[in-house]
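Report on the following structure.
Residue numbers (my numbering), protein chains in the order written: chain L, 5 to 493; chain A, 5 to 493.
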């Protein structure tokens, strides 16, 4: 049975949490007195459904059930996880916790999205302080992996479970060792924000110039390495120590104005809001969200292909999700050898599609390439085997593009072995959305010695498995379109 | 004739400048007393050659000539641009400028890479202060587009030319309106750096935890939107003003320790260096550079496909580089109609390759898809035509993978029209590295009404151009491999 999360406060952050849990198969119960909450969360969910599933190379679990409740008690009934994202006022949070703890399970997690308060402050006067912990997310919560988890001594028994749950929904829990105001990331955001306010107030730069100063330069560095790994390189061959010795003295230069906080006068607020309109006013907030999500998906998938940073988190979640074996990993996982094998089952990522949301031509081949890789794995030609010096290379490909498919659609590929003998492996892939055929891919692969880059026989254990699968498929009808040439009917 | 840039100081930053100019077709003359300078710059160049050309969908200009000089006078002889990247001490910079101005052209640009000094400070006591301007880059200079350009009133006549030159080598010059210490970006970097030192000193977080707090969260946001556009969204539908009103009060919270500067004791330096070793010590600095570059290339190419941020800068540079028409844009650009048309000419990007540096299967089809797009443009089926509701869709593809190719290699595609009549366009692409054939791609395309998504006749002006090209290609021999089916010999 699906686990249940209660979302207390359904704004931008609460809505993101709802999407994160729901798309990972949890039932989600929302409490938010805002009469617009249902519509707003619906819009967050639309964004999440268009972007999150395509980050993975596995299908996500079936979505849980979403419900809205008039009372906190109704929302938290049976919930294992309660996410509080109410306004950042300690008195409000304390009142909410009292009401939650009157109704919720005693061993449920009450996680606060607070970006500023320490857990010890949140726990003050609570009925069961040990239930309450900081789990601070980053917008958009359904895409960004970071969660700052901060507890106190009284949380010792539950903090391991918190970490596990967050990993289970594909996040990266950063387990903060000591509580401080604003945890870690927001201390940086605060420092940058203050400096930015001064730059605008003093007429040095506009909001747009500040954004360009970030995203054309160090923002790109920080998306993949952060501060210290970046600086480790900046020291050149001499590394981190050299860098500090070179850069350290600059710290006493009179460079920043951070000793002082600029007053947020109406005039300064106007200045910022007007500059922001001039910079981004051509997009609606919803447009900007979609641009942001598509940018993030593409960049995170880049990092995923390199198994780096946020991309490594996605790969880990792929492995977790395939524990239910939606696609087989070895010959033994296949239930019925006498049928085509399901070799791909996934959502179409945004970065596979054009400006109209249609999947690009080359990505059909990418999906078929993934299908081939999976079939190779099934017959034992996996990473471990390849490391011993043999692999299959594609010699020839024939694709028929039969129908279109959109970003976010769930596609799967079924693969039939037409020939598997000697150095050759002849495969026929068919791509579907549901029962609708999208494309076929026919491929001739040759086993290659990776040292000589020439054709060679596969190792006996691989040859034997391929032979078994080919024999089982020999009874299948020859697929429609097999053996066709371009333009020949 | 190629323009000449002199590089004064060839460390990490100077070497990056050398690569940026050299790969954009400038001759580069280096002065650096370090006996290792030649080797170090060679290594930066290796990285740049592997990463920069693949960011573009055009070939870059032929590399200029690189030379090393024992004197500043020798390096600056005939140079239009002189980039100073010597240590950050004002007395050293003043001495260098005196020597440079004794030898260089009076109208050459002397650009300083300083991250801290104001141009008015650099210009003090100079022979010709109007030559000296701040052009502050970001590491790696050969990949990141941002340059902070800061001048004073005396630079008025030359600052436009500075901007133009920097755009000419593919950069994004941010023209800073008022000089302040540390310009714009480094004020943020300073603020974050100080806060990070406190977090380490107080035992709140390690270098690794700080890096994760950045790259798993806001770093990904900042790579594509910066600070204000990100926050504009964070306010939800209410936008920027609402965000400031919500977030503003938090600024007076006692969240940061930035009022004070931590002393860089030996103990703190040890702590940072040791943590950094624990975090990244499994990679050499060179390894890290290659990971960083591959990550940046992939993320920047993602943004390029979306014409966003740093990616939009790449697209602009593509257009500039194709002014020399290495591939034709219209039928009229084709010199000899009776030959296959060059439809792609580019370097293989890192993100098109696997861990071994070989181009991935699906990227062959991507290059052939680009070749098809280009041929469509040549016959007038361009963005403007497509906006009127017609386009060609690929129905069928046959690829023969004949040889391997690596990241950074320059490839080109030649395209022959086999049939171009009625709704059909039958193309045969051949991909080469130099004269070596890598692959062939045979494609049947059908003209489609984008409204009904059904086959339709192309507009007369497109049909006529295609017919002319097809007629001119009719005399060419039928390409080897055309009409083949998978596995049929």
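Beta carbons: idealized from backbone N, C-alpha and C, even for Gly. All values reported here derive from a predicted model rather than from experimental measurement.
{"Check": "Buried versus exposed call for residue 452 of chain A [16 or more other C-beta atoms within 10 Å across all chains shown]", "Outcome": "buried"}
{"Check": "Chain-ordered chain A contacts of residue 28 of chain L [CB-CB under 9 Å]", "Outcome": "Here the premise fails: no neighbours, minimum Cβ distance about 17 Å."}
{"Check": "Endpoints, alpha helix (DSSP H) assigned at residue 275 of chain L", "Outcome": "270-284"}
{"Check": "9 Å Cβ cutoff met for residue 185 of chain A and residue 122 of chain A", "Outcome": "yes"}
{"Check": "Residue 483 of chain L to residue 229 of chain A span [Cα, whole Å]", "Outcome": "48 Å"}
{"Check": "Local Cβ density within 10 Å of residue 403 of chain A, reported as buried at 16 or more and exposed below that", "Outcome": "buried"}
{"Check": "Per-residue burial, residue 407 of chain A [other beta carbons within 10 Å of its own, 16 or more giving buried]", "Outcome": "exposed"}
{"Check": "Cβ contact check for the region 213-221 of chain A and the region 305-319 of chain A: 3 or more pairs under 8 Å", "Outcome": "no"}
{"Check": "Identity of the residue in L:43, L:175, L:51 nearest residue 291 of chain L by Cα", "Outcome": "L:51"}
{"Check": "Residue interval of the beta strand (DSSP E) (run including residue 350 of chain A)", "Outcome": "345-351"}
{"Check": "As assigned by DSSP and simplified to three states, the class of residue 235 of chain L", "Outcome": "helix"}
{"Check": "At least 3 beta-carbon pairs within less than 8 Å: the region 360-379 of chain L vs the region 324-343 of chain A", "Outcome": "no"}
{"Check": "Closest residue to residue 397 of chain A among A:389, A:391, A:429, A:413 (Cα-Cα distance)", "Outcome": "A:429"}
{"Check": "Residue-level contact to chain L via CB, residue 3 of chain A, 9 Å cutoff", "Outcome": "Outside the displayed span of chain A (5 to 493) sits residue 3 of chain A, for which this structure offers no information."}
{"Check": "When L:193, L:102, L:209 are compared against residue 225 of chain A, the one with the closest alpha-carbon", "Outcome": "L:193"}
{"Check": "Simplified DSSP state of residue 141 of chain A, which is helix, strand or coil", "Outcome": "strand"}
{"Check": "Stretch pair the region 463-481 of chain A + the region 414-430 of chain A: three plus CB contacts closer than 8 Å", "Outcome": "yes"}
{"Check": "Chain L contact residues for residue 168 of chain A, given Cβ-Cβ distances below 8 Å", "Outcome": "Ordered by position in chain L, no residue passes the 8 Å Cβ test against residue 168 of chain A, which lies about 18 Å from the chain."}
{"Check": "Residue environment, residue 422 of chain L, which counts as buried when at least 16 other CB atoms sit within 10 Å", "Outcome": "buried"}
{"Check": "Beta bridge counterpart(s) of residue 151 of chain A as assigned by DSSP", "Outcome": "A:141, A:177"}
{"Check": "Cutoff 7 Å; reference residue 293 of chain A; Cβ partners in own chain excluding five residues on either side", "Outcome": "51"}
{"Check": "Chain-order list of residues whose beta-carbon lies under 6 Å from that of residue 101 of chain A (same chain, five-residue window excluded)", "Outcome": "130"}
{"Check": "Neighbourhood of residue 296 of chain L by C-beta, 8 Å cutoff - its chain only, sequence neighbours within 5 removed", "Outcome": "144"}
{"Check": "Within 9 Å, strictly: CB atoms of residue 411 of chain A and residue 348 of chain A", "Outcome": "no"}
{"Check": "Chain L contact for residue 50 of chain A (CB, 9 Å cutoff)", "Outcome": "no"}
{"Check": "Interface flag, residue 180 of chain L vs chain A, CB-CB below 9 Å", "Outcome": "yes"}
{"Check": "Contact under 9 Å by Cβ, residue 180 of chain A with residue 154 of chain A", "Outcome": "yes"}
{"Check": "Cβ-based neighbour list, residue 6 of chain A, same chain, cut-off 8 Å, excluding 5 preceding and 5 following", "Outcome": "29, 30, 31, 68, 69"}
{"Check": "Nearest-angstrom Cα separation, counted from residue 139 of chain L out to residue 177 of chain A", "Outcome": "40 Å"}
{"Check": "DSSP-derived helix/strand/coil call for residue 208 of chain L", "Outcome": "coil"}
{"Check": "Residue 431 of chain A - partner residues in DSSP beta bridges", "Outcome": "A:421, A:447"}
{"Check": "Residue 206 of chain L at chain A interface by Cβ criterion, 9 Å", "Outcome": "yes"}
{"Check": "Same chain, Cβ closer than 8 Å to residue 480 of chain A, five either side skipped, listed in chain order", "Outcome": "342, 343, 344, 420"}
{"Check": "Cβ-based contacts, 8 Å cut-off: residues of the region 306-333 of chain L near chain A", "Outcome": "306, 307, 309, 310, 312, 313, 314, 317"}
{"Check": "Among L:41, L:43, L:36, L:66, the one whose alpha carbon lies nearest that of residue 25 of chain L", "Outcome": "L:66"}
{"Check": "Reduced DSSP category for residue 78 of chain L - H, G, I as helix; E, B as strand; rest coil", "Outcome": "helix"}
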